Amino acid sequence: MPRLKDEPLSTPVVTPSARPMSENPTGDWRSVAPRIDAEKCTGCLLCWKFCPEACVDVAGEVPRIDLHYCKGCGVCATECPAHCVHMSEEAAS
Amino acid sequence: MKKVLMGNHAATLGAALARVQVVAAYPITPATQIVELIAEMSAKGTFPGKFLRVESEHSAMAALLGAATAGARTFTATSSQGLAYMHELLHWVSGARLPVVMVDVNRALAAPWNLWTDQTDSLSQRDTGWLQFYCATNQEVLDTVLMAYKVSENLLLPSMVMLDGFTLSHVYEPVDVPDQKAVDAFLPPFKPAAFLDVKNPGAFGSLETPKPYFRLRRRIAVDMDRAEALVEQVGADFERSFGRGYGAVESYRSQDADVSLVCSGAVGSTAKQAVDELRAEGHAAGLLRFRLFRPFPAAALKRLTRPDMKLAVVDRNYSPGHQGIFCEEIKASLYATERRPEVYGFVAGLGGGDITVELLKEIWHEVKAGTADPVSPLWMEEAR
Chain A
76 MPRLKDEPLS TPVVTPSARP MSENPTGDWR SVAPRIDAEK CTGCLLCWKF
126 CPEACVDVAG EVPRIDLHYC KGCGVCATEC PAHCVHMSEE AAS
Chain B
249 MKKVLMGNHA ATLGAALARV QVVAAYPITP ATQIVELIAE MSAKGTFPGK
299 FLRVESEHSA MAALLGAATA GARTFTATSS QGLAYMHELL HWVSGARLPV
349 VMVDVNRALA APWNLWTDQT DSLSQRDTGW LQFYCATNQE VLDTVLMAYK
399 VSENLLLPSM VMLDGFTLSH VYEPVDVPDQ KAVDAFLPPF KPAAFLDVKN
449 PGAFGSLETP KPYFRLRRRI AVDMDRAEAL VEQVGADFER SFGRGYGAVE
499 SYRSQDADVS LVCSGAVGST AKQAVDELRA EGHAAGLLRF RLFRPFPAAA
549 LKRLTRPDMK LAVVDRNYSP GHQGIFCEEI KASLYATERR PEVYGFVAGL
599 GGGDITVELL KEIWHEVKAG TADPVSPLWM EEAR
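Chains A and B, in that order, are what the protein sequence lines are.
Residues in the first sequence are numbered from 76 upward in steps of one, following my numbering.
Residues in the second sequence are numbered from 249 upward in steps of one, following my numbering.
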């Protein structure tokens with residue numbers, strides 16, 4: 076079996092990946108999905124602040140959760156003071 | 249300029265002189281005045297970098313992982329349980345090849361709860377891929393922080409700089425604080441070839457398959473292998489700039505010694521007095537003080553020992569089920585030498601017990617008289 080040959084010292088020691096996150100959607104890890112009740116939302120933005128995936132978009136009046144990346148952790152539902160985020164099971168795909 | 253400084257503050261001034269850009273630290277116990285002074289300087293606007301107060305040591309190292317990935321010069325300080333809590337992130341930082349420099353105040357790990365000095369905290373981090381330096385004086389703490397940046401940024405590997413809890417950390421000594429201009433000339437700004445840049449997006453630390461992972465680990469091995477010589481070279485450069493020279497291992501009156509004490513940290517200072525007294529009593533005593541532990545300075549050890557020199561290794565640390573950690577490493581690194589010195593291990597001062605001149609002389613005499621054990625360490629307790 077070959078012995079590992081030393082590479083020249085100039086060889087990079089870190090290998091950054093240029094693969095963008097658009098090619099790495101993590102939403103299919105999810106088993107339950109959040110749904111925001113627009114009627115009850117007060118626009119407090121706590122869901123945006125707490126989301127560990129940073130996948131809550133607050134450009135509009137009511138936050139929009141990007142389900143391509145939401146892993147279904149439910150932090151938004153737990154933190155929402157107006158109780159307007161509901162988690163519901165999704166069918167297996 | 250000469251100042252009277254405690255070891256903790258010498259570490260802080262070292263970081264400030266290195267123009268550290270980001271410090272992240274957990275601000276309560278077991279943190280020390282190292283971080284307290286950074287917070288105070290930061291509030292007054294006299295610290296060069298940004299100070300982040302985080303909720304744990306784990307988070308502190310995670311924050312530095314991010315800052316260093318973005319190309320910043322980074323610093324933190326911790327101790328005992330805090331260092332243990334950082335463990336996972338220590339691997340992340342070295343694997344990502346980030347030259348973070350951290351000061352660890354060597355203090356005992358619980359249980360039972362104990363505040364005092366002991367090296368088992370840092371030596372438990374032996375295999376995390378960090379360089380490890382052990383200091384004997386407050387001057388050496390400040391100087392080693394500066395040298396550690398120079399070494400780390402060349403190797404792209406992180407460094408841990410150790411000082412003894414209380415016996416250095418809270419003890420005041422005269423320290424020559426170098427001029428900022430001289431430090432700037434010695435330590436230019438950190439300019440990594442690859443860093444996280446929003447203008448040139450890339451993902452760092454993402455999944456690697458076995459083959460590239462194995463090769464990246466081999467790159468760490470290659471760089472660690474050249475680190476000992478680099479530490480010697482940077483120590484010599486430092487002497488040219490500041491008049492104080494440092495090597496990987498300090499040899500004191502050991503050239504013709506028949507038994508040499510082997511110590512690290514502040515015990516290395518006490519041991520010089522023990523050697524002087526033994527010499528005055530007509531004994532051929534010497535001292536080898538390990539400044540570097542990772543990479544293990546095998547070349548210096550071979551250069552500074554002879555087959556007819558016996559070594560009395562004093563460990564303020566212990567690997568349960570084996571031996572004192574310096575002792576086992578010294579034995580292992582001498583194994584390939586055909587004619588090698590006899591090595592005897594002593595465990596002393598765990599949890600901050602005093603390692604006095606008298607105790608060190610007694611240890612020296614145990615080896616000289618042939619009453620020490622070449623296999624198991626003798627546990628030596630100070631008589632008082």
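Note that the Cβ used here is the ideal one computed from N, Cα and C, for glycine as well.
If you're wondering where the values come from, they're calculated on a predicted model, not measured in any experiment.
Note to self: Measuring only the C-alpha atoms, how far is Asp473/B from Glu82/A?
What the structure shows: Numbered from 1 along the second sequence, position 225 holds the residue referred to as residue 473/B. Numbered from 1 along the first sequence, position 7 holds the residue referred to as residue 82/A. Cα to Cα, the separation comes out at about 14 Å.
Checklist line | Contacts of Arg315/B in chain A (Cβ-Cβ under 7 Å) | finding: Here the question's residue 315/B lines up with position 67 in the second sequence. Residue 315/B is actually Ala in this sequence, not Arg. Within chain A, no residue comes near Ala315/B; the closest Cβ sits about 15 Å away, beyond 7 Å.
Check: Given a threshold of 16 other Cβ atoms within 10 Å of its Cβ, counted over all protein chains shown, does Glu303/B qualify as buried or as exposed?
Finding: For the purposes of this step, residue 303/B is taken as residue 55 along the second sequence, with counting starting at 1. By the 10 Å Cβ count, Glu303/B comes out exposed.
Notebook entry, point to check: With C-beta atoms as the reference, is Arg554/B less than 8 Å away from Val88/A?
Noted result: Indexing the second sequence from 1 puts residue 554/B at position 306. Indexing the first sequence from 1 puts residue 88/A at position 13. Cβ distance not < 8 Å, so Arg554/B and Val88/A don't count as in contact.
Check: Straight-line CA distance for Phe594/B to Trp123/A?
Finding: Here residue 594/B refers to the residue found at position 346 when the second sequence is read from its first residue. Here residue 123/A refers to the residue found at position 48 when the first sequence is read from its first residue. Cα to Cα, the separation comes out at about 58 Å.
Margin query: On the DSSP letters alone, give me the boundaries of the alpha helix (DSSP H) that Leu552/B sits inside.
Written below: Position 304 of the second sequence, counting from 1, holds the residue named residue 552/B. Run containing Leu552/B: 546-552, per the alpha helix (DSSP H) assignment.
Notebook entry, point to check: Which residues in chain A sit within 7 Å of Val650/B, going by Cβ to Cβ distance?
Noted result: Nothing can be reported for residue 650/B: it is not among the residues displayed for chain B, which extend from 249 to 632.
Check: Using a Cβ-Cβ distance under 8 Å, would Arg321/B count as near chain A?
Finding: Locating residue 321/B in the second sequence gives position 73, where the first residue counts as 1. Chain A contact via Cβ: absent.
Notebook entry, point to check: Taking Cβ to Cβ, would you say Leu598/B is nearer than 8 Å to Glu614/B?
Noted result: Counting from one through the second sequence, the residue named residue 598/B turns up at place 350. Counting from one through the second sequence, the residue named residue 614/B turns up at place 366. The answer is no: Cβ separation not under 8 Å.
Next item on the list: Starting from Ala576/B, trace the beta strand (DSSP E) both ways and give me its first and last residue.
Entry: Translated into the one-based positions of the second sequence, residue 576/B becomes position 328. Residue 576/B is actually Glu in this sequence, not Ala. Counting along the chain, Glu576/B falls outside any beta strand (DSSP E), though it belongs to the alpha helix (DSSP H) covering 573-582.
Next item on the list: State the start and end residues of the unbroken beta strand (DSSP E) segment that holds Tyr382/B.
Entry: Walking along the second sequence from the start, residue 382/B turns up at place 134. Looking at the DSSP string, the run of the beta strand (DSSP E) that includes Tyr382/B is 379-382.
Notebook entry, point to check: Is Ala560/B helix, strand or coil by DSSP?
Noted result: On the second sequence, residue 560/B is found 312 positions in, with the first residue counted as 1. In the structure shown, Ala560/B sits in a strand (DSSP, three-state: E or B).
Check: Counting pairs of Cβ atoms below 8 Å between the stretch 356-371 of chain B and the stretch 422-437 of chain B, do you hit three or more?
Finding: no
Check: In chain order, what residues of the stretch 145-158 of chain A put their CB closer than 7 Å to some CB of chain B?
Finding: none
Note to self: Can you pull the chain A neighbours of Ser454/B, defined as C-beta to C-beta under 7 Å?
What the structure shows: Here the question's residue 454/B lines up with position 206 in the second sequence. Within 7 Å Cβ-Cβ: Ser92.
Next item on the list: Kindly list the residues whose CB is nearer than 7 Å to the CB of Asp112/A, restricted to its own chain and excluding five residues on each side of it in sequence; keep chain order.
Entry: Position 37 of the first sequence, counted from the start, is the residue given in the question as residue 112/A. Excluding residues within five positions, the ones whose Cβ falls inside 7 Å are Cys159, His161.
Margin query: Let me confirm a value: Met96/A is counted as buried when at least 16 other C-beta atoms fall within 10 Å, else exposed. Which label applies?
Written below: Mapped onto the first sequence, residue 96/A falls at position 21. Exposed, since its Cβ has fewer than 16 Cβ neighbours within 10 Å.
Margin query: If I measure Cβ to Cβ from Met249/B and keep anything under 7 Å in the same chain, skipping five residues before and after, which residues do I get?
Written below: Residue 249/B sits at position 1 when you count from the first residue of the second sequence. Val425.
Checklist line | Own chain partners of Val399/B with C-beta closer than 8 Å, once the 5 adjacent residues on each side are dropped | finding: Counted from its first residue, the second sequence places residue 399/B at position 151. Correct list, in chain order: Leu379, Ser407, Ala475, Leu478, Val479, Val482.
Item checked: Three-state secondary structure assigned by DSSP to Pro109/A -> As a position in the first sequence, residue 109/A is number 34, starting the count at 1. Strand.
Item checked: is_contact[Gly450/B, chain A] using C-beta, thresh 8 Å -> On the second sequence, residue 450/B is found 202 positions in, with the first residue counted as 1. Yes, contact with chain A.
Notebook entry, point to check: Taking Cβ positions only, does Pro77/A come closer than 8 Å to chain B?
Noted result: By 1-based counting over the first sequence, the position of residue 77/A is 2. So, not an interface residue.
Notebook entry, point to check: Name the chain A residues whose beta carbon is nearer than 7 Å to that of Pro460/B?
Noted result: Taking the first residue of the second sequence as position 1, residue 460/B is located at position 212. By Cβ distance, chain A contributes Thr90.
Notebook entry, point to check: Taking Cβ positions only, does Leu404/B come closer than 8 Å to chain A?
Noted result: Here the question's residue 404/B lines up with position 156 in the second sequence. Taking Cβ atoms only, chain A reaches closer than 8 Å to Leu404/B, which makes this a yes.
Next item on the list: Quick one: residues in its chain with C-beta nearer than 7 Å to the C-beta of Tyr144/A, no 5 flanking neighbours on either side, listed in chain order?
Entry: Translated into the one-based positions of the first sequence, residue 144/A becomes position 69. Hits under 7 Å: Pro100, Thr101, Gly102, Glu128, Cys130.
Notebook entry, point to check: Looking only at C-alpha atoms, which of Leu552/B, Thr604/B, Ile603/B, Phe574/B sits nearest to Arg588/B?
Noted result: On the second sequence, position 340 is the one that residue 588/B refers to. Cα-wise, what sits closest to Arg588/B is Leu552/B.
Checklist line | Contacts of Arg467/B in chain A (Cβ-Cβ under 8 Å) | finding: Within the second sequence, the letter at position 219 stands for residue 467/B. Under the 8 Å cutoff, chain A gives Glu82, Thr86, Val88.
Check: Candidates Ala584/B, Ala332/B, Val341/B, Glu487/B: which alpha carbon is nearest Gly319/B's?
Finding: Position 71 of the second sequence, counted from the start, is the residue given in the question as residue 319/B. Residue Val341/B is the option with its Cα nearest to Gly319/B.
Check: With burial defined as no fewer than 16 other Cβ atoms inside 10 Å of the residue's Cβ, what is the status of His257/B: buried or exposed?
Finding: For the purposes of this step, residue 257/B is taken as the residue at position 9 of the second sequence. Label assigned to His257/B: buried.
Check: Using a Cβ-Cβ distance under 8 Å, would Ala442/B count as near chain A?
Finding: One-based indexing of the second sequence puts residue 442/B at position 194. Ala442/B counts as touching chain A.
Note to self: I want to see whether chain A comes within less than 8 Å of Arg463/B, judged by CB atoms only; does it?
What the structure shows: Within the second sequence, numbered from 1, the residue matching residue 463/B stands at position 215. Yes - at least one Cβ of chain A is within 8 Å of the one on Arg463/B.
Notebook entry, point to check: If we cut at 8 Å on Cβ distances, does Arg542/B have a partner in chain A?
Noted result: If you number the second sequence from 1, residue 542/B lands on position 294. Cβ-Cβ to chain A under 8 Å: no for Arg542/B.
Check: Thr322/B by DSSP, collapsed to three states: which one?
Finding: Numbered from its first residue, the second sequence carries residue 322/B at position 74. Here Thr322/B sits in strand by DSSP.
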